[in-house]
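Per this note's numbering, the very first residue in the sequence shown carries number 133; after that it's consecutive. Just below is one structure, and these are the notes that go with it.
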Amino acid sequence: MEESMIHTDAVIVGSGIAGMLAAIELSKKMTVTLVSKSTCGAGNSEKAQGGIAASLDKNEQQAALHVDDTLACGGGLNAPDAVEALVKEAPHVMGRLLQYGVLFDQKEDGRFHLAKEGAHSCRRIFHAGGDATGREIMKQLRLALPVQVTMLEKVTIQDAIIENDTCIGVIGTDESGSRLTIHASYTVLATGGCGQLYSVTSNAEEATGDGYAIAWRAGAELVDMEFLQFHPTMLFAAGKGAGLLSEAIRGEGGVLLDENGTPIMKGRHELGDLAPRAVVAKAVHDTRQAGKDVFLSIRAIPDFEKKFPTITKRLRENGIEVEKGLLPVRPGAHFMMGGVAADACGTTSIPGLYAIGETACTGMHGANRLASNSLLEGAASALLLANALPVPPQQRRTRQTMLKLPATVPSFRKPSLQELKTTMDQWVGIVKDREGLRRMAEWLDSYQAFIESPYDPAADKEEIELKNMLTTAFLITHAALKRTETRGAHIRSDYPGEQPDWQAHSIVWQSHSRFPVVCSRDVKSREKEEVIL
Ligand code: SIN
Numbered sequence: 133m134e135e136s137m138i139h140t141d142a143v144i145v146g147s148g149i150a151g152m153l154a155a156i157e158l159s160k161k162m163t164v165t166l167v168s169k170s171t172c173g174a175g176n177s178e179k180a181q182g183g184i185a186a187s188l189d190k191n192e193q194q195a196a197l198h199v200d201d202t203l204a205c206g207g208g209l210n211a212p213d214a215v216e217a218l219v220k221e222a223p224h225v226m227g228r229l230l231q232y233g234v235l236f237d238q239k240e241d242g243r244f245h246l247a248k249e250g251a252h253s254c255r256r257i258f259h260a261g262g263d264a265t266g267r268e269i270m271k272q273l274r275l276a277l278p279v280q281v282t283m284l285e286k287v288t289i290q291d292a293i294i295e296n297d298t299c300i301g302v303i304g305t306d307e308s309g310s311r312l313t314i315h316a317s318y319t320v321l322a323t324g325g326c327g328q329l330y331s332v333t334s335n336a337e338e339a340t341g342d343g344y345a346i347a348w349r350a351g352a353e354l355v356d357m358e359f360l361q362f363h364p365t366m367l368f369a370a371g372k373g374a375g376l377l378s379e380a381i382r383g384e385g386g387v388l389l390d391e392n393g394t395p396i397m398k399g400r401h402e403l404g405d406l407a408p409r410a411v412v413a414k415a416v417h418d419t420r421q422a423g424k425d426v427f428l429s430i431r432a433i434p435d436f437e438k439k440f441p442t443i444t445k446r447l448r449e450n451g452i453e454v455e456k457g458l459l460p461v462r463p464g465a466h467f468m469m470g471g472v473a474a475d476a477c478g479t480t481s482i483p484g485l486y487a488i489g490e491t492a493c494t495g496m497h498g499a500n501r502l503a504s505n506s507l508l509e510g511a512a513s514a515l516l517l518a519n520a521l522p523v524p525p526q527q528r529r530t531r532q533t534m535l536k537l538p539a540t541v542p543s544f545r546k547p548s549l550q551e552l553k554t555t556m557d558q559w560v561g562i563v564k565d566r567e568g569l570r571r572m573a574e575w576l577d578s579y580q581a582f583i584e585s586p587y588d589p590a591a592d593k594e595e596i597e598l599k600n601m602l603t604t605a606f607l608i609t610h611a612a613l614k615r616t617e618t619r620g621a622h623i624r625s626d627y628p629g630e631q632p633d634w635q636a637h638s639i640v641w642q643s644h645s646r647f648p649v650v651c652s653r654d655v656k657s658r659e660k661e662e663v664i665l
């Protein structure tokens, strides 16, 4: 097998908004290698329609309100220090994006057009190209990527390299199957989320939980993996999910109706169709469970096509008559609030290993993410990371563990990707219970040898992704089993309602633990201590 080796100061795995911005900023002070398993910039960020929530006023009153809305949505599980740090980074984020040429939508008088989405108390969401915010941002970031950044496309990273309990780089495979080792002082995981675990998702093909799985195998701490957000309005056409119908549509007056024309959010929440996402997703789910189809009515929205050009194009491609104004919807897997435990700058429990964007759990989102806070978090954590690096070598603590590199790996029992998705849809969907989660855990048990298998030099992209997806399914399932309450996006039919005790607890994968433990959370110190509930 061919083998090559690269030495770089920072290696960044994933090239969405977080990875790209981190690469651009870090390249001003160090050598950077940016790795994509597909093509530069492809992934969830590019698909973002809703926009970027950013409060820009100088006296910070707007920022304080943005912090309050984020905390109100997060079900008491946010880390307030992270929320504040990331929300307050918004002026820098917007400054950089404007500098890199992103043309955010403006009104005729030249002021920015600001949109409102679910659970925001005011208009603070910047859009570009109407509903093509992610595409516009990623287009400009690609143009801004300096030539001195080494861009590796179609390279699939399999594992982090841990030596003396410090991360010293990553190991992966290129398109031709050759092994590539990248040694770096700073390894940044920016691989996005895991929506591909489900049949209906807003997520890009790349969203296969890679960062969570790489970090777990490396022994990093992970937290809050039970909090997976489902988006209420995925277009459902020709028997499958056909892309996101942005919450901004409801922000402009879209209304969810059942097949009899009855508004489904009436009487469910004071914010109606703009209630927190978990509430709306559950309402769509319940209506469908009661045997009724659900539609997003756009009849009250003037100039729909002008406001939502990308969505209108997709509706037409899927044979939907936009003029009739009723769009068939289902909920779909959308965003992982949990992830690799990290502070606002991306620092994880392993020296040398950083996580930013959706891969990280900074505590920004708590149990339920406020709409359009994810592009902000991705960009803000990239800028904060770039400010924080380099760190003096003495800050990189060391302990003793070694990456095992076996000569040969036996072949393991594996499911097909479709089996995994169908099983997740069935047992770990929007509404969960002990019985379903136990069945999922048992199903995963039969693939445990594969999940826990060591680095395999012969594995190709599909095999690495499958292992990462099974691992992420395992992390979600066991975390969801442990949290015996309903909070935010974590909905248990056998434990309806929030249990006050649980607000003070997190489900944590400690270093190299096979199963998660319940820890009490000290919000101020970020210390987590195992408890028996
Ligand atoms: C949307 O446009 O509805 C998605 C935006 C988000 O998830 O933040």
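Idealized CB from N, CA, C, for every residue including glycine.
Residue range of the alpha helix (DSSP H) that includes residue i
{"i": "Asp342", "result": "342-350"}
{"i": "Arg446", "result": "441-449"}
{"i": "His139", "result": "Segment 135-145 is the beta strand (DSSP E) holding His139; no alpha helix (DSSP H) there."}
{"i": "Ala316", "result": "Per DSSP, Ala316 belongs to no alpha helix (DSSP H); it is in the beta strand (DSSP E), 311-321."}
{"i": "Ser506", "result": "505-520"}
{"i": "Pro223", "result": "222-231"}
{"i": "Trp674", "result": "What the structure shows of the chain is the stretch from 133 to 665, and residue 674 is not part of that stretch, so it cannot be assessed."}
{"i": "Lys599", "result": "593-614"}
{"i": "Phe427", "result": "No alpha helix (DSSP H) holds Phe427; the beta strand (DSSP E) holding it covers 426-429."}
{"i": "Ile583", "result": "580-583"}
{"i": "Arg566", "result": "566-577"}
{"i": "Arg382", "result": "379-383"}
C-beta contact flag for residue i and residue j at 9 Å
{"i": "Ala573", "j": "Thr616", "result": "no"}
{"i": "Ile289", "j": "Gly309", "result": "no"}
{"i": "Ala499", "j": "Gly148", "result": "no"}
{"i": "Ser177", "j": "Met137", "result": "no"}
{"i": "Met162", "j": "Thr340", "result": "no"}
{"i": "Val225", "j": "Ala520", "result": "no"}
{"i": "Leu209", "j": "Arg619", "result": "yes"}
{"i": "Lys599", "j": "Gln328", "result": "no"}
{"i": "Phe258", "j": "Leu275", "result": "no"}
{"i": "His644", "j": "Gly383", "result": "no"}
{"i": "Pro114", "j": "Tyr318", "result": "Residue 114 lies beyond the stretch modelled for the chain, which goes from 133 to 665, so this question has no answer here."}
{"i": "Ala370", "j": "Asn296", "result": "no"}
{"i": "Ala292", "j": "Arg349", "result": "yes"}
8 Å contact criterion, which residue i and residue j should meet: CB distance rounded
{"i": "Leu360", "j": "Ala518", "result": "In fact, because the Cβ distance is near 29 Å, the residues do not count as touching under 8 Å."}
{"i": "Ala413", "j": "Arg400", "result": "Contact flag wrong, Cβ pair sits at about 12 Å."}
{"i": "Asp263", "j": "Val287", "result": "Not really, about 31 Å apart at Cβ, beyond 8 Å."}
{"i": "Val332", "j": "Met366", "result": "5 Å"}
{"i": "Thr604", "j": "Thr491", "result": "With a Cβ gap of about 11 Å, Thr604 and Thr491 do not count as contacting."}
{"i": "Gly587", "j": "Val472", "result": "Correcting the residue identity first, residue 587 is Tyr in this sequence and not Gly. In fact, because the Cβ distance is near 19 Å, the residues do not count as touching under 8 Å."}
{"i": "Phe156", "j": "Val320", "result": "Correcting the residue identity first, residue 156 is Ile in this sequence and not Phe. Not really, about 13 Å apart at Cβ, beyond 8 Å."}
{"i": "Thr313", "j": "Gly325", "result": "Incorrect: roughly 27 Å between the Cβ atoms, too far for contact."}
{"i": "Phe544", "j": "Phe606", "result": "Not quite, the Cβ-Cβ distance comes to about 14 Å (not below 8 Å), so this is no contact."}
Residue i - DSSP class collapsed to helix/strand/coil
{"i": "Arg462", "result": "strand"}
{"i": "Val411", "result": "helix"}
{"i": "Cys254", "result": "coil"}
{"i": "Val663", "result": "coil"}
{"i": "Ala473", "result": "strand"}
{"i": "Val302", "result": "strand"}
{"i": "Ser177", "result": "helix"}
{"i": "Glu268", "result": "helix"}
{"i": "Lys456", "result": "helix"}
{"i": "His417", "result": "helix"}
{"i": "Glu358", "result": "coil"}
{"i": "Glu82", "result": "The question about residue 82 has no answer, for the chain in this structure spans 133 to 665."}
{"i": "Glu212", "result": "With the sequence shown as reference, residue 212 is identified as Pro, and Glu is not the correct amino acid for it. Helix, per DSSP."}
{"i": "Gly423", "result": "coil"}
{"i": "Ile623", "result": "strand"}
{"i": "Asp633", "result": "helix"}
{"i": "Ala590", "result": "coil"}
{"i": "Gln280", "result": "coil"}
{"i": "Pro395", "result": "strand"}
{"i": "Pro364", "result": "strand"}
Proximity test, Cβ basis, 9 Å: residue i and chain C
{"i": "Gly351", "result": "Here chain C cannot be found, since the structure has a single protein chain."}
First and last residue of the uninterrupted beta strand (DSSP E) at residue i
{"i": "His198", "result": "Looking at the DSSP string, His198 is not in any beta strand (DSSP E); the run it does join, the alpha helix (DSSP H), is 193-205."}
{"i": "Asp435", "result": "Counting along the chain, Asp435 falls outside any beta strand (DSSP E), and DSSP gives it neither H nor E."}
{"i": "Trp641", "result": "637-641"}
Contact test: residue i Cβ vs the ligand PLP heavy atom, cutoff 8 Å
{"i": "Ala499", "result": "As far as ligands go, the structure on display features the ligand SIN and does not contain the ligand PLP."}
> Using 8 Å as the threshold, is the segment 182-189 in touch with the segment 368-387, meaning 3 or more CB pairs across them?
Replying inline: yes
> How about the segment 386-395 and the segment 415-427: do they share at least three Cβ pairs that are nearer than 8 Å?
Replying inline: yes
> Taking one C-beta from the segment 210-220 and one from the segment 183-201 each time, how about it: are there three or more such pairs within less than 8 Å?
Replying inline: yes
>> Any contact between the segment 430-443 and the segment 478-487? By contact I mean 3 or more CB pairs, one from each, below 8 Å.
In response: no
> Is the number of C-beta pairs between the segment 168-176 and the segment 472-481 that are closer than 8 Å three or more?
Replying inline: no
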